[in-house]
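If you read the protein sequences in the order shown, they are chains A and B. Under this note's numbering, think of the first position of the first sequence as 1, with each following residue one higher. Under this note's numbering, think of the first position of the second sequence as 1001, with each following residue one higher. For each residue, glycine too, the CB sits at the ideal point set by N, CA and C.
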Amino acid sequence: MSEEIFKLEKDNLEGFLLYLSQKYNLFLPRRVDDQLSFGQMKPGGKPSLDHYFNTDLPPKEVFFPQRETLLSYEGGEVKHSTYKAKPIALFGVRPCDTKGIILLDRVFAEGEYEDPYWKARRTNSLLLTLGCNAPLSTCFCHWFNLGPFNKEGTDIFLTDIGDAYLVEPCSKKGEECLRGTSLLGATGDDRKVAEEIRRKAESSLSERVEISSLKGRLLALWEEDLWEDISQKCLSCAACSYLCPTCHCFDIQEEGSQEKGERIRIWDSCMFKLFTQEAAGTNPRPTPKERLRQRIMHKFSYFLDNLGEFGCVGCGRCIRGCPVNLDIREVIKAVKSFIVESR
Amino acid sequence: MENPYLPVEAELLEVVEETPTIKTFVLKPAQPIPFRAGQFMQLTVPGVGEAPFTPSSSPYEEERMEITILKTGRVTEALHNLQPGVSLGLRGPFGKGYPVEKFVGKEVLIVGGGVGLAPLRSLLYYLFANLDKFKKVSIKYGARMPEELCFQKLYPQWEKLEKVDFTVTIDVPAPGWKGRVGLVTTLLDDLDIDLKNSYVVSCGPEVMLKFVTYKLIDIGFAPEQIYLSMNRNMSCGIGKCGRCIIGKYFLCKDGPDMCYADIKDIPGVFG
C-alpha cells in the first residue's frame, strides 16, 4: 500500500462525507434517543462523533439486518431480490468491529456455500475504521492480538488527532477512494502526534490475559460444575448475542398464508431454549448451563477449529449490556484457573 | 446453487398412509432435483414454514420425489392435513449423503428404528440397484409396535432379493405378532457378518443410535466403520444459521450422516 498518509481537517469532514455519499450508501454512527448505532447518512446529516467510544449496537446489522425478507409470494408468483443499491460505506467503525465484519465475511462467504444476501451488501463496500484514542474499561481486543489501532481488514484507517484526522489508505479500494479527494499529505509532526495517541491508548488497556491454551481447557472442562456456577445468574435473554459483532445465528420463518406471505430471516441466539427445541420434545441444550457453554465453546473452540481464529473480538458490548453483569472475561479467567478435582 | 435459500415449487401428487402417524408425500418438483442417498431437503408448507427431511425415494427417480414423514410438530402436522394438488416448496439437496463409494466390495449393515427407515429407504434403493457392487446388504429394523413398522408392503419384495438379509423386530409382544420381539439392538446379537469388511449405517431416534453404536463397538466394529444419521434442528441447510452444530460440525453441511470416528470424542454427542 502507499506510504502516503493524508490529513482531513475536521472543518472539512462534512465535505468528505458528502463526497463519500455520492459514491456510496453511507452509514455512520448516529444517535437516536439514547442509542448509538450505524445509520444511513441523511442529507446534511452529521455523524454523532462527540463522546463516541463505540456504537451500542454492532455494525453487523448493516450487512446482516436483524429482519430481512428472503422471498415473498402471492397467488403463485414468487418474488425475491438481494440488495441492489449503491455500494455501502461505513464511516467510523472501530477496529474491533471491522475485525467482526471480516470474521462474518468468512462465515457467510467462505466455504462450500455463499450467502447471497450478505454478499450483495458486502460486495464493493468500503470500511473506514477509526482508531480508539480512549479504550473503555470493558475493551479487551488486545487479548486477541487486535488493538485500538488495528488496521486489519479496513480500507481506510483514521486517527483522531484533535482538529483533524490522519487518513491512511489500507487497501486498493481505499486508495482509489482517496484519489478522488483533494486531501493534503500529513506532516511529520502530525504523524508524531498520532503515534503518541496510539501509544497512550495501548498503554491504557487493562492487563492482557493469555488465551492460547483456552481451547484445550474448554474441552477438558466440559463436564465440570464450573458451567453450573457460571450460568446460575444467566437469564437466557440473549442480549449478548444481539450485541455481539460476530454472533450470526438466525432463523428462517414463514409469515402469511398459503396464498400470500413472506419468508423472513431473523436473528436468533443459542442462548434461547427454543433454538434447539426439537418437535419430538427433546432438547440437547435444555438449561442455561448447556447454552452458555455452547456460546463460549463456539467462540473459543469451534470457531478456531473451523476458521483458525477466535469468534470474539473483545468489543466488550456483551459485558456492558448484560442485565446480570455476566462478564465474558471472568468466564475466560474462570476456565483458565479452574482446578479439576480427581474423581 | 445460485441462491440456496430459494425453494423450487413442487406439486403434491399423492399422499400414502404408511402407519397411523407416518405418511409418504409424493412430490413432483418443477425441475428435477438430483440427490445422493442421505442428502436432505428443506420442505416448505407455504404460510407455515419449512422443515428438513431426507427423501425416501430412489436417487435414480428423477421426476418424482417421495418424502416419508412422522407427524410430530407444527410443520409435519400441517403436512399431514394436506390433500393432493397443493403446491409446496423444496430446497436442497443439502449435506454430504452416505459415502456409498466406500461401501463397494463390502458388506453393508443397516440398522433402523421407527420412521428412521424412511431416509434409509433411499439408500436401500441405491444399494438394491447396485447389488453386484456389494458383498451383502443386511437390514435390521425395529419399531415399537407392529402397526408402527414403516413400508410393510415392501418387505416381501426385499426379503426375496439375493444378497439381502432383512430382519424385523418389535419392542414388546403384541397380539398376532409372530416375529421377533425385543429392541433393535437384540438383532445385532446373532450377526452373520465379515466384521473387518463391512460398514454400518444407522438411522433412528437418538437414544437408539446411542445404544446401537455402543453395541457395535462391543461386537468389534471400529468407529470408522459406523455412520450415524445425526439430527438436530436445522434451518438454513448451509452451515450459517448455527442451530445444528455438534462440536465443530454443522450437521446440515458436514452431515447429517456422520462417521462415528469423527464425533465420538465430542462431549454430549448423543444429547
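Roughly how many angstroms separate the alpha carbons of residue i and residue j, rounded to a whole number?
i, j, result
"Tyr19 (chain A)", "Thr181 (chain A)", "8 Å"
"Leu326 (chain A)", "Ile1266 (chain B)", "26 Å"
"Val331 (chain A)", "Trp227 (chain A)", "9 Å"
"Lys1163 (chain B)", "Lys1136 (chain B)", "5 Å"
"Glu176 (chain A)", "Glu196 (chain A)", "28 Å"
"Pro1032 (chain B)", "Val1008 (chain B)", "10 Å"
"Asp1192 (chain B)", "Tyr1098 (chain B)", "23 Å"
"Tyr1227 (chain B)", "Cys1259 (chain B)", "4 Å"
"Thr1185 (chain B)", "Gly1116 (chain B)", "14 Å"
"Asp229 (chain A)", "Ser236 (chain A)", "15 Å"
"Lys172 (chain A)", "Asp155 (chain A)", "8 Å"
"Arg208 (chain A)", "Trp143 (chain A)", "6 Å"
"Lys42 (chain A)", "Pro1093 (chain B)", "44 Å"
"Phe22 (chain A)", "Phe63 (chain A)", "According to the sequence shown, residue 22 (chain A) is Gln rather than Phe. Taking the straight line joining both Cα atoms gives about 20 Å."
"Thr129 (chain A)", "Ala194 (chain A)", "15 Å"
"Leu1027 (chain B)", "Glu1011 (chain B)", "6 Å"
"Ser2 (chain A)", "Lys60 (chain A)", "With a pLDDT of only 49 at Ser2 (chain A), under 50, the local geometry of the prediction cannot be trusted, and the value read off the model is given with reservation. In a straight line, the C-alpha of Ser2 (chain A) is about 29 Å away from that of Lys60 (chain A)."
"Glu1050 (chain B)", "Val1075 (chain B)", "7 Å"
"Asn124 (chain A)", "Pro1223 (chain B)", "47 Å"
"Lys215 (chain A)", "Cys249 (chain A)", "21 Å"
"Leu304 (chain A)", "Lys99 (chain A)", "15 Å"
"Pro1119 (chain B)", "Trp1177 (chain B)", "26 Å"
"Lys273 (chain A)", "Pro286 (chain A)", "6 Å"
"Cys322 (chain A)", "Ile339 (chain A)", "27 Å"
"Leu90 (chain A)", "Val313 (chain A)", "18 Å"
"Asp1262 (chain B)", "Leu1251 (chain B)", "12 Å"
"Asp97 (chain A)", "Ile328 (chain A)", "17 Å"
"Val335 (chain A)", "Arg320 (chain A)", "21 Å"
"Asp251 (chain A)", "Asp1257 (chain B)", "23 Å"
"Ser1198 (chain B)", "Phe1134 (chain B)", "10 Å"
"Tyr1155 (chain B)", "Pro1020 (chain B)", "18 Å"
"Ser203 (chain A)", "Ser72 (chain A)", "52 Å"
"Tyr1005 (chain B)", "Glu1066 (chain B)", "21 Å"
"Thr82 (chain A)", "Ala120 (chain A)", "6 Å"
Looking at the strands, I want to know which residues DSSP matches up with residue i.
i, result
"Arg1091 (chain B)", "B:Gln1042"
"Thr55 (chain A)", "None; Thr55 (chain A) has no bridge partner."
"Val335 (chain A)", "The partner list for Val335 (chain A) (beta bridge, DSSP) is empty, contrary to what the question assumes."
"Asp1257 (chain B)", "B:Ser1229"
"Asp251 (chain A)", "A:Ile266"
"Lys1023 (chain B)", "B:Glu1017 and B:Ile1069"
"Arg1180 (chain B)", "B:Thr1169"
"Arg208 (chain A)", "Its beta-bridge partners do not exist; DSSP assigns none."
"Ile1110 (chain B)", "B:Ile1139 and B:Val1201"
"Gly39 (chain A)", "A:Leu28"
"Lys260 (chain A)", "A:Glu74"
"Pro1032 (chain B)", "Answer is none; Pro1032 (chain B) lacks a bridge partner."
"Leu184 (chain A)", "A:Lys7"
"Leu1187 (chain B)", "The partner list for Leu1187 (chain B) (beta bridge, DSSP) is empty, contrary to what the question assumes."
If you follow the alpha helix (DSSP H) that residue i is part of, which residue opens it and which one closes it?
i, result
"Pro1267 (chain B)", "Per DSSP, Pro1267 (chain B) belongs to no alpha helix (DSSP H) and is neither H nor E."
"Val62 (chain A)", "Lys60 to Phe63"
"Gln232 (chain A)", "Careful: Gln232 (chain A) lies outside any alpha helix (DSSP H) and carries neither H nor E."
"Thr945 (chain B)", "A question about residue 945 (chain B) goes unanswered here, because the residues of chain B that appear run from 1001 up to 1271."
"Ala164 (chain A)", "Run containing Ala164 (chain A): none in the alpha helix (DSSP H); it sits in the beta strand (DSSP E), Ala164 to Pro169."
"Val1100 (chain B)", "Val1100 to Phe1103"
"Lys1063 (chain B)", "Strictly speaking, residue 1063 (chain B) in this sequence is Glu, with Lys absent from that position. Counting along the chain, Glu1063 (chain B) falls outside any alpha helix (DSSP H), and DSSP gives it neither H nor E."
"Ala201 (chain A)", "Gly188 to Ser203"
"Glu14 (chain A)", "Leu13 to Lys23"
"Gly44 (chain A)", "First-last for Gly44 (chain A): undefined, no H or E at that position."
Could you check how far apart the C-beta atoms of residue i and residue j are, in whole angstroms? I think they sit under 8 Å.
i, j, result
"Lys1140 (chain B)", "Leu1216 (chain B)", "In fact, because the Cβ distance is near 11 Å, the residues do not count as touching under 8 Å."
"Phe6 (chain A)", "Pro95 (chain A)", "19 Å between Cβ atoms; not a contact."
"Glu68 (chain A)", "Tyr113 (chain A)", "Glu68 (chain A) to Tyr113 (chain A), Cβ: 17 Å. No contact."
"Lys1240 (chain B)", "Val107 (chain A)", "7 Å"
"Phe38 (chain A)", "Leu28 (chain A)", "7 Å"
"Gly1142 (chain B)", "Asp1165 (chain B)", "Actually they do not touch by this definition, with Cβ atoms about 15 Å apart."
"Ile1245 (chain B)", "His80 (chain A)", "Going by Cβ atoms, the distance from Ile1245 (chain B) to His80 (chain A) rounds to 27 Å, so no, they are not a contact pair."
"Thr1024 (chain B)", "Ser1058 (chain B)", "So it is not a contact: roughly 13 Å between Cβ atoms."
"Ser134 (chain A)", "Leu166 (chain A)", "The question names Ser, yet the displayed sequence has Ala at residue 134 (chain A). In fact, because the Cβ distance is near 17 Å, the residues do not count as touching under 8 Å."
Over the uninterrupted beta strand (DSSP E) stretch that includes residue i, give me the two end residues.
i, result
"Ser72 (chain A)", "Arg67 to Glu74"
"Leu8 (chain A)", "Phe6 to Glu9"
"Leu158 (chain A)", "Ile156 to Asp160"
"Gly1049 (chain B)", "Gly1049 to Phe1053"
**Report entry** Continuous alpha helix (DSSP H) assignments of at least 4 residues falling wholly in the region 271-319 of chain A
**Finding:** As far as the region 271-319 of chain A is concerned, its whole alpha helix (DSSP H) runs of at least 4 residues are 288-297 and 303-307.
Report task. Could you name each continuous alpha helix (DSSP H) segment of 4 residues or more that falls completely within the region 81-134 of chain A, going from the start of the chain to the end? Result -> 95-109 and 116-122
Query - Every unbroken alpha helix (DSSP H) inside the region 1196-1255 of chain B [4 residues or more] - result: 1206-1219 and 1251-1254
Report task. Only counting runs of 4 or more residues, tell me where the alpha helix (DSSP H) segments fall wholly within the region 1117-1161 of chain B, in order along the chain. Result -> 1117-1129 and 1155-1160
Query raised in the report: Can you list, in chain order, the residues of the region 1050-1076 of chain B whose Cβ is nearer than 9 Å to any Cβ on chain E?
Result: Given the protein chain composition of this structure (A and B), no chain E is represented.
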